[in-house]
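As structure tokens, the structure follows; a few thoughts come after it.
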Amino acid sequence: MIAQPPDELKLIRPFIHRGNQMANVDPVITYYCYYWATKLALEKELQTATPECGTYMMGIIQDLEGRKERLSGNDLITDDMAAQAYVENFALKIFNNGNRAIEARKITQSTPDALQAAVVFLELTKIFSNEPDPEIVKKIKYAKFHAARILKALREGEDPNLPPTPLPKSEQSSSPPPSATVEDAPDEYYSVGSKLPDNSMNNSSLHPSKPAIMMDKLTLLAATYVYAGGHSSLNCQICCLLPPIYDSPSSIKQIHNGNKTTVFPNGYSPITWLWG
Numbered sequence: 009m010i011a012q013p014p015d016e017l018k019l020i021r022p023f024i025h026r027g028n029q030m031a032n033v034d035p036v037i038t039y040y041c042y043y044w045a046t047k048l049a050l051e052k053e054l055q056t057a058t059p060e061c062g063t064y065m066m067g068i069i070q071d072l073e074g075r076k077e078r079l080s081g082n083d084l085i086t087d088d089m090a091a092q093a094y095v096e097n098f099a100l101k102i103f104n105n106g107n108r109a110i111e112a113r114k115i116t117q118s119t120p121d122a123l124q125a126a127v128v129f130l131e132l133t134k135i136f137s138n139e140p141d142p143e144i145v146k147k148i149k150y151a152k153f154h155a156a157r158i159l160k161a162l163r164e165g166e167d168p169n170l171p172p173t174p175l176p177k178s179e180q181s182s183s184p185p186p187s188a189t190v191e192d193a194p195d196e197y198y199s200v201g202s203k204l205p206d207n208s209m210n211n212s213s214l215h216p217s218k219p220a221i222m223m224d225k226l227t228l229l230a231a232t233y234v235y236a237g238g239h240s241s242l243n244c245q246i247c248c249l250l251p252p253i254y255d256s257p258s259s260i261k262q263i264h265n266g267n268k269t270t271v272f273p274n275g276y277s278p279i280t281w282l283w284g
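Straight run, no breaks: the sequence shown in our numbering ends on number 284.
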């Protein structure tokens, strides 16, 4: 483990901190934390800020050389493609842990720390690419924002969980209405049996040797409406409720002009259509 850097090197403190945390858990992640910290400091020439900073940076460089030698047989150190995939997957795992708590509205004291750690590990992916992945950049900004927001809420004794997201009005209006059922029909529709012709039970189309069409509740409602005198044309709204077998003008006309018998379920009396 490496000591925390002096104030002049505060830019690299998060990477040293997370590298120290992972030292006994994942030496590869620790190596890349120290490596990125060194790269950032040298690019900005922070080692020249004070003699202490110079000494500190020399210590990190020597530590890195020792770690690289110890991990020399590891593909995650020698193969950039393998290393990039490993570091990115590790970072996304930490990010997802924090994000799940946000989405589930189950934020705890440890959630902001997980998000802050995710920021550091996501930053490490820049080691392997001059052009950072836009999705990684978005996740870094997201994690920074929510970590700061949650910490502020916890300090002020407020609920850090976001309020539930209401359903957009566009989705509410686009939701289809519930299907009509027999239970929705007015009471007079249930008295259709008393209006049936006396000879309906003698119709030959009810003979067991001829196929009968079993109607569902929605068809029962439509057919009853038609029988009760509600039909006005072949394209009426009620006729359009009939099953797919009757879903075209020609098939509806065939029903109206033909002699079709339909058997109702659950003991309802049959209706014989004799329109023509």
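The beta-carbon is built from N, C-alpha and C at its ideal position, and this holds for glycine as well.
| Item | Value |
| --- | --- |
| So is Pro13 buried or exposed if we call it buried at 16+ other beta carbons inside 10 Å? | buried |
| Near Gln55, which residues of its chain fall below 7 Å by C-beta distance, leaving aside the five closest residues on each side in sequence? | Ala49, Cys61, Gly62, Met65 |
| What is the DSSP secondary structure of Asp121, counted as helix, strand or coil? | helix |
| Let me know the secondary structure DSSP gives Gln55 once reduced to three states. | helix |
| What does the Cβ neighbour count give for Glu77, buried or exposed, with the cut at 16 atoms within 10 Å? | exposed |
| Quick test of your reading: Phe136 and Asp88, contact by CB under 8 Å. State the CB separation rounded to the nearest angstrom. | 6 Å |
| Would DSSP call Ser241 helix, strand or coil? | Confidence is the limiting factor: at Ser241 the pLDDT is only 39, short of 50, which leaves the residue's position unreliable, though a coordinate-based value still follows. Looking at Ser241 - three-state DSSP - the assignment turns out to be coil, as it is neither helix nor strand. |
| At 4 residues or longer, what runs of the alpha helix (DSSP H) sit wholly inside the region 82-160? | 83-86, 88-111, 119-131 |
| Identify which residue in Pro35, Asn32, Gly27 has its Cα closest to the Cα of Trp44. | Gly27 |
| Just how far apart, CA to CA, sit Glu166 and Leu159? | 10 Å |
| Considering only C-alpha positions, which residue in the set Asp71, Gln124, Lys47, Ala161 is nearest to Ala31? | Asp71 |
| Tell me the rounded alpha-carbon separation between Thr280 and Thr173. | Residue confidence is low: Thr280 scores 35 on pLDDT, short of 50, so the model does not pin down where it sits. No coordinate-derived value is stated. |
| Between which two residues does the alpha helix (DSSP H) holding Gly27 run? | 21-30 |
| Spatial neighbours of Thr58 within its chain, please: C-beta separation below 8 Å, excluding the five flanking residues on both sides. | Pro14, Glu16 |
| Would Leu132 and Tyr40 qualify as a contact pair, given that the criterion is a beta-carbon distance under 8 Å? | yes |
| If contacts are defined as beta-carbon pairs under 8 Å, then Ile148 and Leu123 qualify, I think. What distance do you get, rounded to the angstrom? | With a Cβ gap of about 10 Å, Ile148 and Leu123 do not count as contacting. |
| Taking its Cβ as the centre, do 16 or more other Cβ atoms sit within 10 Å of Val95, making it buried, or is it exposed? | buried |
| State yes or no: is the C-beta of Ala151 within less than 8 Å of the C-beta of Ala112? | no |
| Report all residues from its chain with a CB closer than 6 Å to the CB of Gln92; omit the five preceding and five following residues, and keep chain order. | Phe136 |
| Report all residues from its chain with a CB closer than 8 Å to the CB of Pro140; omit the five preceding and five following residues, and keep chain order. | Thr133, Lys134 |
| Using DSSP with H/G/I as helix, E/B as strand and the rest coil, what is Glu77? | helix |
| Between Ile10 and Thr38, what straight-line distance do the alpha-carbon atoms span, to the nearest angstrom? | 11 Å |
| Nearest-angstrom Cα distance between Glu73 and Leu79? | 10 Å |
| Given Asn169, which residues of its chain have a CB within under 7 Å of its CB, disregarding the five upstream and five downstream residues? | Arg113, Ile115 |
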